[in-house]
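Enquirer: For reference, the structure I am asking about is given below.
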Amino acid sequence: MNILVIGSGGREHALAWQCAKDENVQHIYVAPGNAGSALEPKCQNVILEATNNDASEHSAVIEFCQNNAIDMVIVGPEAPLVAGIVDSCREAGIQAWGPTAYCAQLEGSKTFAKEFMAQNSIPTAAYQGFTDAAAAKAYIDEQGAPIVIKADGLAAGKGVIVAETIEQAHEAIDDMLADNKFGDAGSRVVIEQFLQGEEASFICMIDGNNILPMATSQDHKRAFEGDTGPNTGGMGAYSPAPVVTQDVHDKVMAQVIQPVVDAMNAAGHPYTGFLYAGLMIDEAGDPYVIEFNCRFGDPETQPILMRLQSSMVDLVAQGLAGQLPSDAKWDTRPALGIVVASKGYPESSSKGDVIAGLPELDANNNNPVKAFHAGTAFSHDSNTDAAHSDNTGNTKEVITNGGRVLCVTALADSILDAQQAALAVTAAISFDGAHYRRDIGHHAIAREQS
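Residue numbering for the sequence shown follows this note's numbering, beginning at 41 and increasing consecutively.
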């Protein structure tokens, strides 16, 4: 079996790594991939047009699949999904795992998602949408702070501002509507009620009718320890999330996931692929949807897939056939991932810095700690201590190539042990401007210790 994984981040490295474990898989192409995916057995990076952006022209992907006997396409990031890559593949007779462009609007447009939730009685924060800055500011003045401002479109996980004061909220409106900080994504904003509680990520595989919940997880969005600082694409995650008790799990399935499946079917657009519900769980154990994503979360993918013992390839194949099982096999041990970010992240990122101290690749997958790559690339041939041999046999330096560079992920007997194991490996990794949080998992650790 030959597989094409579309994307370049830590999620795609983890998906390729997990799929490569399946003995029926011969070759995995990752487009465009990163230095980590290039190092994995069975994996090869390829450059294709329209695989990591919002272009609607997907002929290069289709041609590659046809010329390389691709049996299955797994789409990682949101932009190609919103642009209709799955629709294009299906029209060409290519098996692609992911939602159609219609369903991907749940992530592609905050306005669509909020209206969809209101129409289908899915619990979420009260909101209003605006294109006019003055009207948005007047609404903020009326509602007070804290309050949440979201860019309507895709903003690489950075288009959400949790404003603690009226002044911060006004500044966010100026950035998005007046100064065009997020481009077209911020030409419309959604302003939401600030919800109190503990966050959790609830990710499912859906084949149009059947639902397979993945292991629960919790993401840390804020840049700095103590959950402070600006929102990011995610500074770390762990699985499972203790806040998602069986009672909460049942509520999420009944009040959030099943209504999405039912409503999409009623609209004539069955939902297929991964569905991510970012949740706020209040003190009563009631879930509220903060956001929907139309793909596997990043960095949640890394700890979740570290725990997955079923074949991801088999699960996707069953999903494509409309025969998803209701559960999968999981390692009972928790997993935790720590994101190592580049200088300036999340406001900017640094590229070209040589990364030293990366752990050696474990071809047998026996190591309970794995460094998943995200914003990495190869430089010129090198003989330095930071050099690695890619799967072409060439020795090259691994360098930074984005904001979130690595996600060091560990399996252990407790969340605390997983955190300490991940921190030990993370501490040995260095590059100019590297920074990471040392408190990932603190909510779960506090629960363990109490």
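Beta carbons are placed, not taken as given, at the ideal position from N, Cα and C, and that holds for glycine.
Predicted, not measured: the structure shown is a model, and the values here were computed from it.
To the nearest angstrom, report how far apart alanine 141 and valine 115 are at their CA atoms.
Expert: Translated into the one-based positions of the sequence shown, residue 141 becomes position 101. Translated into the one-based positions of the sequence shown, residue 115 becomes position 75. So the alpha carbons of these two residues sit roughly 12 Å apart.
Enquirer: Could you please give the first and the last residue of the uninterrupted beta strand (DSSP E) stretch that includes proline 386?
Expert: As a first step, residue 386 must be located in the sequence shown, where it is residue number 346. Careful: proline 386 lies outside any beta strand (DSSP E) and carries neither H nor E.
Enquirer: Thinking asparagine 160 and alanine 303 are a contact (beta carbons under 8 Å), I'd like their distance in whole angstroms, please.
Expert: In the sequence shown, the residue the question calls residue 160 occupies position 120. In the sequence shown, the residue the question calls residue 303 occupies position 263. Their Cβ separation, rounded to whole angstroms, is 5 Å, which keeps asparagine 160 and alanine 303 in contact under 8 Å.
Enquirer: Looking only at its chain, what residues have a beta carbon closer than 8 Å to the beta carbon of asparagine 92, apart from the 5 residues adjacent to it on each side?
Expert: Here residue 92 corresponds to residue number 52 of the sequence shown, with the count starting at 1. With a pLDDT of 45 at asparagine 92, under the threshold of 50, the modelled position of that residue is not reliable, and the figure given next carries that caveat. So the qualifying residues of the chain are Ile46, Gly47, Ser48, Ala71, Pro72, Pro117, Ala119 and Pro120.
Enquirer: Suppose only complete runs of 3+ residues qualify. What are the beta strand (DSSP E) ranges in the stretch 114-201, listed by chain order?
Expert: Those beta strand (DSSP E) runs which fall completely within the stretch 114-201 and span 3+ residues are 167-170 and 187-191.
Enquirer: Is there a C-beta anywhere in chain C that falls below 8 Å from the one on asparagine 405?
Expert: Checking the listed chains, one finds no chain C in this structure; it contains a single protein chain.
Enquirer: Find the nearest neighbour of phenylalanine 242 within the set Lys383, Ala209 and Asp290, judged by alpha-carbon distance.
Expert: Numbered from 1 along the sequence shown, position 202 holds the residue referred to as residue 242. Taking only the C-alpha atoms, the option nearest phenylalanine 242 is Asp290.
Enquirer: Skipping 5 residues on each side, what residues in its chain have a beta carbon closer than 7 Å to that of valine 356?
Expert: Along the sequence shown, one-based indexing puts residue 356 at 316. Answer for valine 356: Met112, Ile114 and Trp137, listed in chain order.
Enquirer: From the DSSP output, read off the bridge partner residues of threonine 268.
Expert: Taking the sequence shown and counting its residues from 1, one reaches residue 268 at position 228. Its beta-bridge partners are Phe264.
Enquirer: Helix, strand or coil: which one does DSSP assign to histidine 98?
Expert: One-based indexing of the sequence shown puts residue 98 at position 58. It is coil, neither helix nor strand.
Enquirer: Buried or exposed for glycine 273, going by 16 or more other Cβ atoms inside 10 Å?
Expert: By one-based count along the sequence shown, residue 273 stands at place 233. It is buried - the Cβ of glycine 273 has at least 16 other Cβ atoms within 10 Å.
Enquirer: Helix, strand or coil for serine 366? Go by DSSP, reduced to three states.
Expert: The residue labelled residue 366 in the question sits at position 326 within the sequence shown. It is coil, neither helix nor strand.
Enquirer: Which residue from Gly184, Ile102 and Asn333 puts its Cα closest to that of threonine 558?
Expert: Residue coverage of the chain in this structure runs from 41 to 490, which leaves residue 558 outside it and unanswerable.
Enquirer: For the beta strand (DSSP E) that contains glycine 276, what are its first and last residues?
Expert: Mapped onto the sequence shown, residue 276 falls at position 236. Per DSSP, glycine 276 belongs to the beta strand (DSSP E) from 276-279.
Enquirer: Arginine 448 lies in the alpha helix (DSSP H); which residues open and close that run?
Expert: As a working note, residue 448 is residue 408 in the sequence shown. Contrary to the premise, residue 448 reads as valine rather than arginine in this sequence. Element bounds for valine 448: not the alpha helix (DSSP H) but the beta strand (DSSP E), 444-451.
Enquirer: Hey, valine 409 and alanine 474: beta-carbon distance below 8 Å or not?
Expert: In the sequence shown, counting from the first residue as 1, residue 409 sits at position 369. In the sequence shown, counting from the first residue as 1, residue 474 sits at position 434. It is not a contact, given that the beta carbons lie outside the stated cut-off.
Enquirer: Mind checking whether proline 327 and valine 379 have CB atoms under 8 Å apart?
Expert: Taking the sequence shown and counting its residues from 1, one reaches residue 327 at position 287. Taking the sequence shown and counting its residues from 1, one reaches residue 379 at position 339. No, these two residues do not count as a Cβ contact at 8 Å.
Enquirer: Does the count of Cβ pairs from the stretch 356-365 and the stretch 274-281 closer than 8 Å reach three?
Expert: As far as the Cβ criterion goes, the stretch 356-365 does not touch the stretch 274-281, which means the pair count is below three.
Enquirer: Of the residues Glu488, Ser490 and His483, which one's Cα is nearest the Cα of tyrosine 237?
Expert: Along the sequence shown, one-based indexing puts residue 237 at 197. Before going on, a small fix: residue 237 reads as glycine here, not tyrosine. With distances taken between Cα atoms, glycine 237 lies closest to His483.
Enquirer: Less than 7 Å between C-beta atoms, sequence neighbours within five positions excluded: which residues of the same chain meet that for proline 343?
Expert: In the sequence shown, the residue the question calls residue 343 occupies position 303. Around proline 343: Ser257, Ala277, Tyr278, Ser279, Ala375, Leu376, Gly377 and Thr449.
Enquirer: Measuring CB atoms only, is the stretch 366-375 touching the stretch 73-86, in the sense that at least three cross pairs come out at less than 8 Å?
Expert: With the cut-off at 8 Å, the stretch 366-375 and the stretch 73-86 do not touch.
Enquirer: Below 6 Å CB to CB, which residues in the same chain sit around cysteine 447 once its five sequence neighbours on both sides are set aside?
Expert: Residue 447 sits at position 407 when you count from the first residue of the sequence shown. Same-chain partners within the cutoff: Gly50, Pro339, Gln342, Gly377, Val379 and Phe412.
Enquirer: To the nearest angstrom, how far is the alpha carbon of threonine 151 from that of glycine 169?
Expert: Residue mapping note: residue 151 aligns to position 111 of the sequence shown, counting from 1. Residue mapping note: residue 169 aligns to position 129 of the sequence shown, counting from 1. Roughly 7 Å separates the two Cα atoms.
Enquirer: Could you give the C-beta distance for leucine 55 and methionine 352, rounded to a whole number, given that I count them as a contact under 8 Å?
Expert: The count along the sequence shown starts at 1 and reaches residue 55 at position 15. The count along the sequence shown starts at 1 and reaches residue 352 at position 312. Sure, about 7 Å apart at Cβ, within 8 Å.
Enquirer: Measuring alpha carbon to alpha carbon, tell me which residue in Leu364, Ala175, Asn441 and Cys129 is nearest cysteine 244.
Expert: Residue 244 sits at position 204 when you count from the first residue of the sequence shown. Out of Leu364, Ala175, Asn441 and Cys129, Leu364 has the C-alpha closest to the C-alpha of cysteine 244.
Enquirer: Buried or exposed for proline 386, going by 16 or more other Cβ atoms inside 10 Å?
Expert: What you label residue 386 is simply residue 346 of the sequence shown in a count that begins at 1. Looking at its Cβ environment, which holds 16 or more other Cβ atoms inside 10 Å, proline 386 is buried.
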